[in-house]
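Chemist:
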Amino acid sequence: MQWLKKLRGGQQSSRNVAKERLQLVLVHDRAEISPGLMEKIKDDIIAVISEHLPIERDAVGISFTQTGRETRLQADIPLTRTRGRSSR
Amino acid sequence: MSAKIITITSGKGGVGKTTATANISVALAMRGQRVVAIDADIGLRNLDVVMGLENRIVYDLVDVVEGRCRLRQAMVRDKRLPELYLLPAAQTRDKTAVQPEQMIQVSKELRPDFDFILVDSPAGIEQGFRNAIAPADEAVIVTTPEVSAVRDADRIIGLIEAAEKERMQLVINRLRPDMVRREDMLSIDDVLDVLAIDLLGVVPEDEQIIVATNKGRPVALENHSRAGQAFNNVARRLMGEEVPLMDLEKESLLNRVRRIFAS
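Same order as they appear, the protein sequences are chains A and B. Taking my numbering, the leading residue of the first sequence gets 1320, the next gets one more, and so forth. Taking my numbering, the leading residue of the second sequence gets 513, the next gets one more, and so forth.
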């Protein structure tokens, strides 16, 4: 269906947009949190981990993922390279 | 023979619960099953009208529950089929007139004499839904391939999971294969990916549904319409038969060719 895409000027079909929006909205509905709360959780996680380990704050990724009907909160937290000065 | 109690629900209003309940009940009865359809939409009853039995109502579910009549007196027999009954809702009360325990009691009383008890749930997640889901062994969730309907279906699925019912299956209603092909409607797989429950059946959008409701003759009674065929297939699957999904793609192509020649 490549020619359809060209007709739309390379934009996504409404079907694909619908699916993406649905997936995102459901992930939040199921976790029963408001989308704004995501940011708060991210800040809190960064604060707590930073107390124990040096991390790349700007590169932290927090997301909800779904497999079947199970939802997971996943945190991707890169540690900074300079680990020599650990408090241990 | 002890009946299987199936509640047909959706969350979202207007996606086709009542139409599905009416047609699946008819299709099961056409195959010799003993069926009673219960309208749990107290205050906004419609199962009677969709089935074409509105003129025969004397007593209703609330009369039964409040002891003004015996259960059998409220049951309307559909004369078109050997063993199909309707237990109508009240039109003049609201959802608080019945409690979940009473629904369980009524269903218990019916169970020994029937093969299937189908409960038509109202829209929403409040008392009406709780009444409808209380007696269920299994649930059938009806959705259309639209963002708001699927979102509400997901919420309902979550509530039914919490109620620990044995089985949940999905009916995707009002599918338009032409729009799916144009990438302007969610596909069957899109909906299944998101909701992640078993698929019971897919019913295509069909003008004949409106005609059927106008006349009070559910489409499943005749096998002409695509929707009628789809509901009949659903009934067969509920009876344990393996029925492949209808080839909705092929039909669309044929219609397009017809339209070219007609114009």
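Cβ coordinates follow ideal geometry from the N, Cα and C atoms, glycine included.
Do Leu687(B) and Ile700(B) come within 8 angstroms of each other at the CB atom, strictly closer than that value?
Modeler: By one-based count along the second sequence, residue 700(B) stands at place 188. By one-based count along the second sequence, residue 687(B) stands at place 175. Yes, these two residues count as a Cβ contact at 8 angstroms.
Chemist: Is there a Cβ from chain A that is less than 8 angstroms from the Cβ of Gly728(B)?
Modeler: Residue 728(B) sits at position 216 when you count from the first residue of the second sequence. For Gly728(B), the answer is no, since every Cβ of chain A falls outside 8 angstroms of its Cβ.
Chemist: State the DSSP-derived secondary structure class of Glu1339(A), mapped to helix, strand or coil.
Modeler: For the purposes of this step, residue 1339(A) is identified with residue 20 of the first sequence, where counting begins at 1. The answer is helix: DSSP assigns Glu1339(A) an H, G or I state.
Chemist: Contact check, Gly640(B) vs Ile554(B) under 8 angstroms by CB: the rounded distance?
Modeler: Here residue 640(B) is taken as the residue at index 128 of the second sequence, counted from 1. Here residue 554(B) is taken as the residue at index 42 of the second sequence, counted from 1. Approximately 7 angstroms separates the beta-carbon atoms of Gly640(B) and Ile554(B); this is inside 8 angstroms, confirming the contact.
Chemist: Listed in chain order, which residues of the region 1331-1357 of chain A have Cβ atoms closer than 8 angstroms to some Cβ of chain B?
Modeler: Ser1332, Ser1333, Arg1334, Asn1335, Ala1337, Lys1338, Arg1340, Leu1341, Gln1342, Val1344, Leu1345, Asp1348, Arg1349
Chemist: When you compare each of Val538(B), Thr519(B), Glu638(B), Asp718(B) to Pro730(B) by their alpha carbons, which one comes out closest?
Modeler: As a working note, residue 730(B) is residue 218 in the second sequence. The shortest C-alpha separation from Pro730(B) is found at Val538(B).
Chemist: Could you name the residues of chain E that Arg667(B) contacts, counting a contact when the two beta carbons are closer than 7 angstroms?
Modeler: You won't find chain E in this structure, because its protein chains are A and B.
Chemist: Against Gly1411(A), what residues of chain B qualify as contacts under a CB-to-CB distance less than 8 angstroms, listed in chain order?
Modeler: Since the first residue of chain A shown is 1320 and the last is 1407, residue 1411(A) is not available in this structure.
Chemist: Taking the straight line between their C-alpha atoms, what separation do you get for Pro689(B) and Thr519(B)?
Modeler: Mapped onto the second sequence, residue 689(B) falls at position 177. Mapped onto the second sequence, residue 519(B) falls at position 7. In a straight line, the C-alpha of Pro689(B) is about 28 angstroms away from that of Thr519(B).
Chemist: In angstroms with no decimal places, state the Cα-to-Cα distance between Ile550(B) and Arg663(B).
Modeler: For the purposes of this step, residue 550(B) is taken as the residue at position 38 of the second sequence. For the purposes of this step, residue 663(B) is taken as the residue at position 151 of the second sequence. One C-alpha to the other measures close to 26 angstroms.
Chemist: I need the straight-line Cα distance from Ser775(B) to Pro612(B), nearest angstrom please.
Modeler: One-based indexing of the second sequence puts residue 775(B) at position 263. One-based indexing of the second sequence puts residue 612(B) at position 100. Caution applies to Ser775(B), whose pLDDT of 46 falls short of 50 and renders its modelled position unreliable; the model cannot decide the point.
Chemist: Mind listing the chain A neighbours of Gly670(B)? Cutoff is C-beta to C-beta under 9 angstroms, in chain order.
Modeler: Against the second sequence, residue 670(B) aligns to sequence position 158. In chain order: Asp1348, Arg1349, Arg1388.
Chemist: Which residues bound the alpha helix (DSSP H) around Met542(B)?
Modeler: Residue numbering aside, residue 542(B) sits at position 30 when the second sequence is read from its first letter. 529-542 is the span of the alpha helix (DSSP H), which, as asked, contains Met542(B).
Chemist: Can you round the beta-carbon distance between Gly728(B) and Gly564(B) to whole angstroms, since I take them to be within the 8 angstroms contact cut?
Modeler: Here residue 728(B) is taken as the residue at index 216 of the second sequence, counted from 1. Here residue 564(B) is taken as the residue at index 52 of the second sequence, counted from 1. Going by Cβ atoms, the distance from Gly728(B) to Gly564(B) rounds to 2 angstroms, so yes, they are a contact pair.
Chemist: Val659(B) versus chain A: which residues are under 7 angstroms apart at the beta carbon?
Modeler: Residue mapping note: residue 659(B) aligns to position 147 of the second sequence, counting from 1. Within chain A, the residues near Val659(B) are Ala1337, Arg1340, Leu1341.
Chemist: Tell me the DSSP bridge mates of Ala601(B)?
Modeler: On the second sequence, residue 601(B) is found 89 positions in, with the first residue counted as 1. Note: Ala601(B) sits in no beta bridge, so no partner.
Chemist: DSSP state of Gln1393(A), grouped into three classes?
Modeler: Taking the first sequence and counting its residues from 1, one reaches residue 1393(A) at position 74. Strand.
Chemist: Report yes if the CB atom of Lys607(B) is closer than 8 angstroms to the CB atom of Glu578(B), and no otherwise.
Modeler: Against the second sequence, residue 607(B) aligns to sequence position 95. Against the second sequence, residue 578(B) aligns to sequence position 66. No, Cβ-Cβ distance for Lys607(B) and Glu578(B) is not below 8 angstroms.
Chemist: Give me the DSSP bridge partner(s) of Phe1383(A).
Modeler: As a working mapping, residue 1383(A) is identified with position 64 in the first sequence. Paired residues: Leu1392(A).
Chemist: Pair every Cβ in the region 622-635 of chain B with every Cβ in the region 567-574 of chain B, then say whether three or more of these pairs are closer than 8 angstroms.
Modeler: no
Chemist: Given this structure, state the Cα-to-Cα distance separating Val1344(A) from Glu1375(A), to the nearest angstrom.
Modeler: For the purposes of this step, residue 1344(A) is taken as residue 25 along the first sequence, with counting starting at 1. For the purposes of this step, residue 1375(A) is taken as residue 56 along the first sequence, with counting starting at 1. Those two C-alpha atoms are separated by around 28 angstroms.
Chemist: Quick one: is Pro594(B) buried, meaning 16 or more other Cβ sit within 10 Å of its Cβ, or exposed?
Modeler: Position 82 of the second sequence, counted from the first residue, corresponds to residue 594(B). Its Cβ having fewer than 16 others within 10 Å, Pro594(B) is exposed.
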